[in-house]
Amino acid sequence: MDRKKIETAYEMAKEAYAALGIDTDKAIEALSKIPISLHCWQGDDVGGFESPDAELSGGGIQVTGNYPGKARSIAELRADLEKVFTLISGIPRLNLHASYGEFGDEVLDRDGVEVRHFTGWVDWAKEQGIGMDFNATCFSHPKAEDGFTISSKDPEIRAFWIEHVKRCREIAAYFGKELGTPSVHNTWVPDGAKDNTVDKMGYRRILKESLDEIFSVEYPKEYLRDAVETKLFGIGSESFVVGSHEFYMNYANQNDKMVCLDLGHFHPTEQISDKISSMMLFHDEMLLHVSRPVRWDSDHVVILNDDILYLTQELVRCGKLENIHIGLDFFDASINRIGAWVTGTRATQKGLLMALLEPTDTLVEYEEAGNNYARMGLLEQLKSMPFGAVWDEACVRAEVPVEAEIIENILSYEKDVLSKRV
Ligand code: RNT
Ligand code: ZN
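Pasting the structure below:
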C-alpha cells in the first residue's frame, strides 16, 4: 500500500472529524492502550493438548468444520499466535484454557494440573511481553458427560471438578504474579440438562456451595481476578442451565466476583450493550466474551456487525472501559483459523475505534434538549464519515498491515506454513 496515499486520506479524515470536535490522534492513541485477550482455543478448535490427538468429547462445546492447518502442538499454536500478533494493533493478552498445559507424556487428569505444566507458557508470554488469563476446563471430559460438574449430585464427580477449578485459580494467580498484570480466571461450567429438571433448587444450591469452596482460597487482587460466566441455554442444556444469569449475578454481587457476559449466551434478540451500564453500576469490573451467535450460541467469528458496534459504543460511552476486561470467544473450524483470529480481533478493535470517534457530548446535549431528531441525524451522519482512513492510520502507527494488505498476508501464511501441516 502506498503510505503517502494513506497519509493524505488520513489528513482529510482528521479534518472531517475535527469539524465534529473529535481528535482522531487521541482516538488512535486510546485504541492502542486497550488490551484484548486472545483466546488460545481459536487455533485448534478447542481441542487442547492433553493427549496427542485431543479432540472435543464429553459435551459442553460444539465446533463444526474440518479446515486443514490447525495447530497440532503447543509449538505450532505459539507460532500461529505470534503470526496473529503481527497483524493486530494494540496490546494483546493470551487467554489460555487448562487443557493447553504442557503435559508431555505424563498421565494425569484434570484434578492433577499444576503450575509446573504452565511455566513454559509464562516464559513464552514474558518473551512476547504479554499478560495471560486463564480458564478451568470443565468440559470435553468423561466426567462431564452426565451434564453436571461442580453442581453434580455425585460427590466424587463434584470433588474432582472442584479440585480442578481450585488448581486453575492457583495457576492463574501464578500468571499474575510472574507477568506483573492480574490474570482473569473465568469459571464456566456446562452444567445443565436437556429436559425439564425438577430439582432446580437442589442443583443450584450445590453450585453455590461448590463455588464457596472454590473461592475459599484467597489470592491477592494484583495477581488474580475471578469471573463467573452466565448462560441461558446450550446444546444438551436446553431446558435447564444451573449457572444462569440470575444465579451468577446474585452470586457475584454477594461474593465480590466479576460476571462474564458472553454475547452468545442470551436470547437472540437481546443486546449485551444494554446490560453494561446495569452491571457496571453495581460492580467495579466485568469480563466480556466477544462472540457472534448465529441463531444460537454458535461462536461464529466476530465481524463488525451492529451487535459489536452497539457493544463498543456502550463500552466507550459508559466511561468504564478501563474496568471492563475484553476477551474473545469464537471458533470456526471451517475456515483459515489465523484469518478468523485476525478478523475477529480487528473487528473488535475497529468497533472500539469507531466508538472513540463519536461526538458523545454533542449527542447527549441533543438528547437532554429533547432534540431526538438531531440525535438520530448525527448518529446517521457518523456512518458515512471516513472511518477507514483513520483505521488504516492506526494500523500504520501500530506497524501492522493496513486493511487492504491483510488477506494476502494470511493467504501466504497458509501457503507457507498451514498447508504443510498434513
Ligand atoms: C461456553 C462458554 C465458554 C467457552 C470457552 C471455551 O458456552 O462461552 O466461555 O466458549 O470456555
Ligand atoms: Zn464464553
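Under this note's numbering, the residue at position 49 of the sequence shown is numbered 71, and the numbers go up by one with no gaps.
Every residue gets a Cβ at the ideal spot worked out from N, C-alpha and C, and that includes glycine.
Since we're looking at a predicted model, the values are computed, not measured.
Within 8 Å, strictly: CB atoms of residue i and residue j
{"i": "residue 408", "j": "residue 23", "result": "no"}
{"i": "residue 265", "j": "residue 216", "result": "no"}
{"i": "residue 430", "j": "residue 28", "result": "no"}
{"i": "residue 208", "j": "residue 282", "result": "yes"}
{"i": "residue 184", "j": "residue 172", "result": "yes"}
{"i": "residue 304", "j": "residue 345", "result": "no"}
{"i": "residue 330", "j": "residue 435", "result": "no"}
{"i": "residue 61", "j": "residue 374", "result": "no"}
{"i": "residue 355", "j": "residue 67", "result": "yes"}
{"i": "residue 411", "j": "residue 31", "result": "yes"}
{"i": "residue 232", "j": "residue 191", "result": "no"}
{"i": "residue 381", "j": "residue 53", "result": "no"}
{"i": "residue 135", "j": "residue 147", "result": "no"}
{"i": "residue 199", "j": "residue 270", "result": "no"}
{"i": "residue 189", "j": "residue 163", "result": "no"}
{"i": "residue 110", "j": "residue 187", "result": "no"}
{"i": "residue 432", "j": "residue 364", "result": "yes"}
Exposed unless 16 or more other CB atoms sit within 10 angstroms - verdict on residue i
{"i": "residue 195", "result": "buried"}
{"i": "residue 317", "result": "exposed"}
{"i": "residue 368", "result": "buried"}
{"i": "residue 177", "result": "exposed"}
{"i": "residue 251", "result": "buried"}
{"i": "residue 502", "result": "The requested residue 502 is not part of the displayed model; the chain covers only 23 to 444."}
{"i": "residue 289", "result": "exposed"}
{"i": "residue 90", "result": "exposed"}
{"i": "residue 296", "result": "exposed"}
{"i": "residue 403", "result": "exposed"}
{"i": "residue 93", "result": "buried"}
{"i": "residue 112", "result": "buried"}
{"i": "residue 87", "result": "exposed"}
{"i": "residue 395", "result": "exposed"}
{"i": "residue 202", "result": "exposed"}
{"i": "residue 243", "result": "exposed"}
{"i": "residue 211", "result": "buried"}
{"i": "residue 389", "result": "exposed"}
{"i": "residue 223", "result": "exposed"}
{"i": "residue 358", "result": "buried"}
{"i": "residue 100", "result": "buried"}
{"i": "residue 158", "result": "buried"}
{"i": "residue 22", "result": "For residue 22 there is no data in the structure shown, the boundaries of the chain being 23 and 444."}
{"i": "residue 334", "result": "buried"}
{"i": "residue 438", "result": "exposed"}
{"i": "residue 108", "result": "exposed"}
{"i": "residue 336", "result": "buried"}
{"i": "residue 422", "result": "buried"}
{"i": "residue 55", "result": "exposed"}
{"i": "residue 313", "result": "buried"}
Span separating the alpha-carbon of residue i from that of residue j
{"i": "residue 371", "j": "residue 377", "result": "10 Å"}
{"i": "residue 340", "j": "residue 128", "result": "48 Å"}
{"i": "residue 348", "j": "residue 117", "result": "10 Å"}
{"i": "residue 285", "j": "residue 320", "result": "10 Å"}
{"i": "residue 460", "j": "residue 239", "result": "Since the displayed the chain opens at 23 and closes at 444, residue 460 lies outside it and no answer follows."}
{"i": "residue 115", "j": "residue 152", "result": "5 Å"}
{"i": "residue 401", "j": "residue 197", "result": "42 Å"}
{"i": "residue 174", "j": "residue 425", "result": "48 Å"}
{"i": "residue 457", "j": "residue 248", "result": "One cannot answer for residue 457 here, as it falls past the ends of the chain, which runs 23 to 444."}
{"i": "residue 300", "j": "residue 443", "result": "47 Å"}
{"i": "residue 206", "j": "residue 59", "result": "10 Å"}
{"i": "residue 130", "j": "residue 254", "result": "33 Å"}
{"i": "residue 225", "j": "residue 267", "result": "15 Å"}
{"i": "residue 167", "j": "residue 85", "result": "17 Å"}
{"i": "residue 315", "j": "residue 38", "result": "35 Å"}
{"i": "residue 322", "j": "residue 352", "result": "6 Å"}
{"i": "residue 311", "j": "residue 145", "result": "26 Å"}
{"i": "residue 45", "j": "residue 96", "result": "42 Å"}
{"i": "residue 418", "j": "residue 342", "result": "27 Å"}
{"i": "residue 228", "j": "residue 393", "result": "52 Å"}
{"i": "residue 362", "j": "residue 64", "result": "8 Å"}
{"i": "residue 154", "j": "residue 140", "result": "11 Å"}
{"i": "residue 293", "j": "residue 328", "result": "10 Å"}
is_contact[residue i, chain C] using C-beta, thresh 8 Å
{"i": "residue 335", "result": "No chain C is part of this structure, which consists of one protein chain only."}
Lining residues of the ligand ZN - beta-carbon closer than 5 Å to any non-hydrogen atom, in sequence order: Residue selection by CB proximity (closer than 5 Å to any heavy atom of the ligand ZN) returns 284, 311 and 351 in chain order.
Those runs of the alpha helix (DSSP H) which lie wholly inside the region 76-158 and span at least 4 residues: Qualifying alpha helix (DSSP H) stretches, in chain order: 96-107 and 141-150.
Beta strand (DSSP E) runs wholly inside the region 148-233, at least 3 long, in chain order: Every beta strand (DSSP E) of 3 residues or more that sits fully in the region 148-233 is shown, in chain order, as 153-157 and 205-209.
Start-end ranges of the beta strand (DSSP E) lying completely within the region 252-289, minimum 3 residues: With a minimum length of 3 residues, the continuous beta strand (DSSP E) runs that stay inside the region 252-289 are 280-284.
Start-end ranges of the alpha helix (DSSP H) lying completely within the region 46-72, minimum 4 residues: DSSP runs (the alpha helix (DSSP H)) wholly in the region 46-72: 46-53.
Sequence ranges, alpha helix (DSSP H) only - wholly within the region 286-343, length at least 4: Counting only runs of 4+ residues, the alpha helix (DSSP H) found wholly inside the region 286-343 occupies 298-302 and 328-339, in chain order.
Runs of alpha helix (DSSP H) lying entirely within the region 375-426, each at least 4 residues, in chain order: For the region 375-426, whole alpha helix (DSSP H) runs of length 4 or above, ordered along the chain, are 382-390, 394-404 and 409-419.
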